[in-house]
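2 protein chains.
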Amino acid sequence: MTLKINDRLIMTPGPTMVDPRVSQVASNKILGQFDPEFTKIMNENMELIRKSFQTKNQWAFPIDGSSRAGIEAVVSSLIKPGDKVLVPRFGRFGDLAIELATRAGGKVTVMDAEWGQVFDQADIIAKMHEVKPKAILVVHGETSTGRLQPVDQLGHAAKEAGVFTVVDCVASYMGVSIPVDEWELDAVIGGAQKSLSAPAGITPLTFNDRFAEEILKRKRVEEGVANDGSARSDDYVFSNYLDLTQLMDYWSPARLNHHTESTIMNYALHEALSIAVNEEGIQNRFANQFKHQHILKEALRKLGLTIFGDEEHEMPNMVAVEIPTGVDGDKFRATLLDEYGVEISSSFGPMQGKIWRIGLMGYVAQKYYVLRFLSIFTHVLKEYGVAVDETAMNEYLTEAYK
Amino acid sequence: MTLKINDRLIMTPGPTMVDPRVSQVASNKILGQFDPEFTKIMNENMELIRKSFQTKNQWAFPIDGSSRAGIEAVVSSLIKPGDKVLVPRFGRFGDLAIELATRAGGKVTVMDAEWGQVFDQADIIAKMHEVKPKAILVVHGETSTGRLQPVDQLGHAAKEAGVFTVVDCVASYMGVSIPVDEWELDAVIGGAQKSLSAPAGITPLTFNDRFAEEILKRKRVEEGVANDGSARSDDYVFSNYLDLTQLMDYWSPARLNHHTESTIMNYALHEALSIAVNEEGIQNRFANQFKHQHILKEALRKLGLTIFGDEEHEMPNMVAVEIPTGVDGDKFRATLLDEYGVEISSSFGPMQGKIWRIGLMGYVAQKYYVLRFLSIFTHVLKEYGVAVDETAMNEYLTEAYK
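Residue numbers (the numbering used here), protein chains in the order written: chain A, 1 to 402; chain B, 1001 to 1402.
Written as structure tokens, this is what we have:
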């Protein structure tokens, strides 16, 4: 059976197109996990992750798994049964945060905002003082609605109150500046398959010493690896694979045996981070995505479509657009994919059938792709009988991309 | 920073060399996780995994993570706090089984065999009748000692007693026949980075309907994905990422949103399984590895080295050899790797410093590699002042590879 992989234009908010240079490095030969050539790559990945999060944290490494594995590693290493957790929910990934905290045994207090809106940070801080949780678990870039929750004030207030701030930056990572130290965030999870333009399956994260000190109380070096004197807490993390205290020993000079690190995912991560951090520069990457996101959004408006949600707090690497009246959103997406090789996303829960989500993440944020996308998207809108103003859009695009 | 990846001859019992065709497919463009072209690949991977385990089980899919993620998924989905678990330990991966069962809340009874030996299945069965556990968790190929535990009688006896048999076949997978249905094993975990010759980071597994029925009692469709009528057990699995009941919905026509499946790891798995199952045929692969393992073992004997352990129960895809007296095993390995690009393994716990472990797994089981390895290995033994009989070895090899 030979793999059939057509050329797709993936304009979703993730998993999205991978920079071809990143794909290429995944075809390299493997190295043993304790080979000095591989541990050097691991060390470089730690340093690149630090730079990507603008942090001096010692602890910055990837988890071998999808983004939710990264979030689960952080949540389940911090939250013990009975711990109180505060989750401000304004979309589907707030639901995931609730689920992960609950499974770790946390007692979750949920704050709700209308989907398409975000919270005033002062409201979250006030609720924190009322609930007195061990942690606030908040989504930064909520792709289900395309909103970006400001979190720059949370870390400091939480720290003063002895609360930990955990931020799911899976979809905002490499799409917007996340100065982890400046914002005093305790643990932050990024994503590979969004604005980093790497394949899914590896998840960069970072946490500070305060967070490390807290989770190390639960450290339990595993049976058969523990030496005399090794920490063997009875308050251990339920997961072994996602136990950050064990991963700290693996991702440090101790190189204590744990799982077998995925070689090719580390190659891909290394290349993707090198491009974003060293070659492009993260501020340039943010600016570029924002530029094309703005142009796509305005072009869709000229066409006659309605942009969804609170525009002041939108993610700068995607566009959420209302599905035109009378159009079956999923059928439309199937036509777009099956007949034209173009993929966009639907959404979840209350947003299902109401909006399409179009990503402008990382590598895909190029004039070339935006124009290709719009010409096909417009063509299919017309096929579906939607009245569109192509002339207005094209006039705008000619100006915008001059 | 450009990746530096030298040409290594990786003769460890995993992670081991990847077939270049497998490496190449990882460089393909990605596909969206719900793209019909990708779900077709996912479906083919399920079918290939079934064939690899010689099973008609409906449930056969990979976990996005290393082998221990696969074992943890099975153990933590089955074992609830307070459940009794029986673990026969005869090496380091027995320790891992104990650790995983304990973290899931299991009450573990351990049987011990001397490292280098295996258990008589009748003893395990007798102990099972005494302990009456919910599950027996046993390692098939124990790479730390190079032993292969017979498990062909366990499944039937356990089933009759209402006990589940979970077998860690990470290191034996694709190295030896594992007829899951014939042996009546309830859940079996394979490994990618051993005799399958794929990169680490994805883990094939299978389980039968009896196992599925048991874990489905704990099913809890997650917050935000659950619809009215979705299962929401309060007896849920602690992990969300590794919850097999959720992965069953993802790896079935329901395609219920869960994690973002790793595209390139699925490409690699597809190619590696296609080669092993369809092109070579698994029985041929087993026979080929066994042939080269036998030759390597005899060649080492001719050289004057001592083979470790109970030879009747050795793994047919690796050789455990005693470190010659007076040689610092780790220093020797460092010379081999740093100066000659050849990697072999040390071992764990009581075996540390006593044996080297040399893999003949999958792609590396070729005359070309065995001879390359032996010539360099012999050269370094002499550098380290070990008296070896090269003539005897070379005469043997000339005959063996005629």
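From the three backbone atoms N, C-alpha and C, an ideal C-beta is built for every residue, glycine too.
Are residue i and residue j closer than 8 angstroms when you measure CB to CB?
i, j, result
"B/G1201", "A/S262", "yes"
"A/A365", "A/Q283", "no"
"A/T203", "A/A287", "no"
"B/I1063", "B/L1100", "no"
"A/N317", "A/M248", "no"
"B/L1242", "A/Y250", "no"
"A/L336", "A/E322", "no"
"A/M128", "A/A158", "yes"
"B/S1027", "A/S23", "yes"
"B/L1374", "B/A1299", "yes"
Quick check on residue i: does DSSP put it in helix, strand or coil?
i, result
"A/E314", "strand"
"B/M1248", "helix"
"B/F1207", "strand"
"B/E1037", "helix"
"A/F164", "strand"
"B/K1402", "coil"
"A/A104", "coil"
"A/T325", "coil"
"B/F1332", "helix"
"B/F1348", "coil"
"B/K1084", "strand"
"B/A1231", "coil"
"A/F373", "helix"
Within 10 angstroms of the Cβ of residue i, are there 16 or more other Cβ atoms? Answer buried if so, exposed if not.
i, result
"A/N57", "buried"
"B/K1297", "buried"
"B/D1095", "buried"
"A/G162", "exposed"
"A/K132", "exposed"
"B/Y1267", "buried"
"B/P1015", "buried"
"A/R50", "buried"
"A/H270", "buried"
"A/A276", "buried"
"A/R285", "buried"
"B/S1233", "exposed"
"B/T1398", "exposed"
"B/D1168", "buried"
"A/D186", "buried"
"A/K367", "exposed"
"B/R1333", "buried"
Using the Cα positions of residue i and residue j, report the straight-line distance between them to the nearest angstrom.
i, j, result
"B/E1213", "A/I124", "42 angstroms"
"B/V1151", "B/Y1340", "39 angstroms"
"B/I1041", "A/N6", "13 angstroms"
"B/S1172", "A/P13", "40 angstroms"
"B/I1189", "A/H140", "36 angstroms"
"B/P1036", "A/R372", "22 angstroms"
"B/P1088", "B/R1301", "31 angstroms"
"A/R357", "A/T378", "15 angstroms"
"A/L410", "B/V1225", "Outside the modelled stretch of chain A, which goes from 1 to 402, sits residue 410 of chain A, for which no answer is possible."
"A/T102", "B/R1218", "15 angstroms"
"B/T1206", "B/H1156", "17 angstroms"
"A/S230", "B/H1258", "36 angstroms"
"A/R210", "B/V1388", "56 angstroms"
"B/A1104", "B/E1395", "54 angstroms"
"B/L1216", "A/G106", "23 angstroms"
"B/E1142", "B/V1018", "21 angstroms"
"B/D1415", "B/G1353", "Residue 1415 of chain B is absent from the structure shown; chain B starts at 1001 and stops at 1402."
"B/E1408", "A/V370", "The first residue shown for chain B is 1001 and the last is 1402, placing residue 1408 of chain B beyond what the model contains."
"B/G1281", "B/L1381", "37 angstroms"
"A/D330", "B/P1179", "42 angstroms"
"B/E1383", "B/I1355", "19 angstroms"
"A/G326", "A/F308", "17 angstroms"
"B/K1134", "B/E1114", "25 angstroms"
"B/R1092", "B/I1098", "10 angstroms"
List, in order along the chain, the chain D residues whose C-beta lies closer than 9 angstroms to that of residue i?
i, result
"B/H1259", "Of the chains in the structure shown, none is chain D; the protein chains are A and B."
Report task. For the stretch 181-201 of chain A, enumerate the residues whose C-beta is nearer than 8 angstroms to any C-beta of chain B, in chain order. Result -> Q193, P199, A200 and G201
**Report entry** Short-range partners of chain A found in the stretch 1015-1029 of chain B, where Cβ spacing is below 9 angstroms
**Finding:** P1015, T1016, M1017, V1018, P1020, S1023, Q1024, V1025, A1026, S1027, N1028 and K1029
Query raised in the report: Which residues, in order along the stretch 311-343 of chain A, keep a beta-carbon less than 8 angstroms from a beta-carbon of chain B?
Result: Residues of the stretch 311-343 of chain A that bring their beta carbon within less than 8 angstroms of a beta carbon in chain B comprise L337, D338 and E343, in sequence order.
Requested in this report: Could you please tell me which residues of the stretch 264-290 of chain A, in chain order, have their CB closer than 8 angstroms to any CB of chain B?
Outcome: I264, M265, Y267, A268, H270, E271, S274 and N278
Query raised in the report: In chain order, what residues of the stretch 2-13 of chain A put their CB closer than 7 angstroms to some CB of chain B?
Result: L3, K4, I5, N6, D7, R8, I10 and T12
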